[in-house]
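Residue numbers (the working numbering), protein chains in the order written: chain A, 1 to 141; chain B, 1001 to 1107; chain C, 2001 to 2283. Idealized CB from N, CA, C, for every residue including glycine. For reference, the structure discussed in these notes is given below.
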C-alpha cells in the first residue's frame, strides 16, 4: 500500500479520534468530580444559595489561578476542579472565629468548570460553579 | 532552600471585628503527575494540611490536594475577643511540619 | 498612539467575538501602587528611543496577575527576596565573608539596579548586575560563581532590584560602552531561528497585539527578575531571552555569554525612562 504523506496524516488523525472518543478524558473527570462531591455531601441534595466563587474568566496561566470562595455561615467549603486529572483541590473547615471565606491559588489543567460546595451549619449543602478558560501563552508557554 | 513560612497578621485589632490574615509558604507542591527526563513519575510531595489556631482553638483547617499551586497561598478573615497567639502549621507529605506564630493585641 | 489604539481594538474584538468581559488591559495612564509607593507603568519615551512611548510589561497582564504584584505579601517573588536576605549575611568562601561584611545593608545599593548594566572601567567591559555579583563572590569572598541564571542569582538580583523600586532607569550607553550597545542592538534586530524572527518583530512592531491568547509586551527589563506564574519561580532577563529564542526555534546564545550580555545591556537601555519594579509578577 502506498500512502501519500497527507493520507498517512489523515489516518493518524482518525486513529487518535477513535481512541479518544469512547472515554473522553474530560467526561471521566467530571464523573469523578460528581463522585467526590457526593462523598462530601453524603449523597444529600445540593441546592443554590449564598455562596460565591470568584475566579478569573480567563486565566493567563493554569499553573497559578487565583480563587476566592465565600459562603456566610458555612462550616466547610470544598473546591473541585472538574477537568483536572484529580479533581479534588481542597476542603476548608472554618472554626467559630473565622469568616467562611478563603482565597487561594490553584492549578487548572485546562479550560473547565470549578465548583465550590459549602456545608452550612444546619447540615445542608449549596454550590456555585465558575467556568475558567485557561489560555496557552503566546509562545506556547 | 529551606522551607520557610511567611504570614501577614495585624499586630493589634479591634475586638470582635474581622481582620485579614495572609499566609504563603515556599514549597514545590510536587503533584505526583509529572515525569522526569527518563519518563519516571516524580513522587508526590505536597503540603497536605494547613491549620491556624488561636490560643489553641481552631480558626481554619484546610485539607490540601496537589491541585494547589506551588508556594501555597491562603488568605482568610477572622475575629478575636481577647489578645493571644495565632499559630500556623503546614504539614508535608514527608511528615515534616512547618510552624510559625504571631501575637495579636487588642487595641 | 497608533499602537495603543491597536491593542484596545484587539482587546475589544476579543471581548465582542467571544462575549468575555473586558480584560482591563488598557495601557493608557496605568499606574501601580505597591505598599503606598506609586510607580508609573506608562511613560513618554526619551528622545532617540525607537519606541514612541514605554510600557511596563505589567500593563499587558490580566487584572488578576496585575493584582498579585500590588502587595508585597501577595507577590510570590518576595519569597526569594527573603531567601536572598539570608544569603546576604551568610559568610561563604575562603575569605569567610558575606555580602554584608563589605556592603552593610542591601539598602546601600539603592539606585544601582536602575543604571545596570554599566561600563566597568577596571574590567574594560560592560557588566551586568549578575557579573558584579559573581565578581564579588570570586574576588572578595573566595567563593564559587553562581550559575548566571540560577535561583540564588535571581534571588540576589531581586533583593538588590527591590532597593531601586520606583527609580527611573538610566542606562548609560555612550563612551566606551557604545560598542557593546551596538552589538546588542544588532542582535536585537537580527532575524534568527526557523521562524526567522528578531526581538523587534514581536516587541517593537507588535506589542499590545495578541499572540494567540496572550498580549505581546515591549519586552522591557524593568520588572526583572520576574516571578512567572508558568514556572512559579524568579526568572532572570537572560533566562527569558533563552526562552524567547527557543520559542522562535533558534539555538539560544549562551546564558552569561557575550551575546546575551550585550543584548541585556541594549534591551535595558530601551527602558530608559521607565521605573524599576522588580521582582514583578508575570504570566
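So with CB distances below 7 angstroms, who are the chain C contacts of residue i?
i: residue 60 of chain A; result: 2061, 2062, 2065, 2229 and 2283
i: residue 136 of chain A; result: 2212 and 2213
State buried or exposed for residue i, treating a residue as buried only when at least 16 other CB atoms are found within 10 Å of its CB.
i: residue 2195 of chain C; result: exposed
i: residue 66 of chain A; result: buried
i: residue 119 of chain A; result: buried
i: residue 2227 of chain C; result: buried
i: residue 2166 of chain C; result: exposed
i: residue 2128 of chain C; result: buried
i: residue 1085 of chain B; result: exposed
i: residue 2074 of chain C; result: buried
i: residue 2190 of chain C; result: exposed
i: residue 2065 of chain C; result: buried
i: residue 2180 of chain C; result: buried
i: residue 2225 of chain C; result: buried
i: residue 2130 of chain C; result: buried
i: residue 2037 of chain C; result: exposed
i: residue 2214 of chain C; result: buried
i: residue 1015 of chain B; result: exposed
i: residue 2251 of chain C; result: exposed
i: residue 1097 of chain B; result: exposed
i: residue 2199 of chain C; result: buried
i: residue 1040 of chain B; result: exposed
i: residue 87 of chain A; result: buried
Consider the Cβ of residue i: report whether some Cβ of chain C lies at a distance smaller than 8 angstroms.
i: residue 111 of chain A; result: no
i: residue 63 of chain A; result: yes
i: residue 1111 of chain B; result: A question about residue 1111 of chain B goes unanswered here, because the residues of chain B that appear run from 1001 up to 1107.
i: residue 1004 of chain B; result: yes
i: residue 66 of chain A; result: yes
i: residue 1008 of chain B; result: yes
Please list the partners that residue i has in chain B, where partner means a Cβ-to-Cβ separation under 9 angstroms.
i: residue 2232 of chain C; result: 1028, 1029, 1069, 1070 and 1071
i: residue 99 of chain A; result: 1018, 1076, 1077, 1078 and 1079
i: residue 2046 of chain C; result: Simply none; closest approach about 37 angstroms.
Give me the chain B residues within the contact set of residue i, using Cβ-Cβ distance strictly less than 7 angstroms, ordered along the chain.
i: residue 104 of chain A; result: 1068, 1073 and 1074
i: residue 2279 of chain C; result: Correct list: empty, because the minimum Cβ distance to chain B is about 13 angstroms.
Look up residue i in the DSSP assignment and give the residues it is bridged to.
i: residue 130 of chain A; result: A:114
i: residue 1098 of chain B; result: B:1090
i: residue 2210 of chain C; result: C:2215
i: residue 2234 of chain C; result: C:2227
i: residue 2119 of chain C; result: C:2126
i: residue 1085 of chain B; result: B:1103
i: residue 47 of chain A; result: A:126
Just the chain A side, please: which residues come within less than 9 angstroms of residue i by C-beta, in chain order?
i: residue 1062 of chain B; result: 90, 91, 92, 93, 102 and 104
Would you verify that the beta carbon of residue i is, or is not, closer than 8 angstroms to some beta carbon of chain A?
i: residue 1040 of chain B; result: no
i: residue 1097 of chain B; result: no
What in chain B is Cβ-close to residue i, meaning under 8 angstroms?
i: residue 72 of chain A; result: Chain B residues near residue 72 of chain A: none, gap ~11 angstroms exceeds 8 angstroms.
i: residue 2073 of chain C; result: 1006, 1008, 1022 and 1024
Is there a Cβ from chain B that is less than 8 angstroms from the Cβ of residue i?
i: residue 56 of chain A; result: no
i: residue 2252 of chain C; result: no
i: residue 23 of chain A; result: Any answer about residue 23 of chain A is weak, because its pLDDT of 47 lies below 50 and its placement is not dependable; what the coordinates show is given next. For residue 23 of chain A, the answer is no, since every Cβ of chain B falls outside 8 angstroms of its Cβ.
i: residue 2082 of chain C; result: yes
i: residue 2133 of chain C; result: no
i: residue 2079 of chain C; result: yes
i: residue 81 of chain A; result: yes
i: residue 86 of chain A; result: yes
i: residue 2050 of chain C; result: no
i: residue 2076 of chain C; result: yes
Name, please, each residue of chain A whose Cβ falls closer than 7 angstroms to the Cβ of residue i.
i: residue 1054 of chain B; result: 97
i: residue 1059 of chain B; result: 95, 97 and 98
Check the Cβ-Cβ distances between residue i and every residue of chain D, and say whether any is below 8 angstroms.
i: residue 2106 of chain C; result: The displayed structure is made up of protein chains A, B and C, and chain D is not among them.
The ligand MG and residue i: does the residue's C-beta get closer than 7 angstroms to at least one heavy atom of that ligand?
i: residue 1104 of chain B; result: With respect to the ligand MG, the structure offers nothing, as it holds no ligand at all.
What are the residues in the segment 1064 to 1078 of chain B lying within 9 angstroms of chain A by C-beta distance? 1064, 1065, 1066, 1067, 1068, 1069, 1070, 1071, 1072, 1073, 1074, 1075, 1076, 1077 and 1078
- Query: Listed in chain order, which residues of the segment 2203 to 2227 of chain C have Cβ atoms closer than 7 angstroms to some Cβ of chain A?
  - Reply: 2211, 2212, 2213, 2214 and 2216
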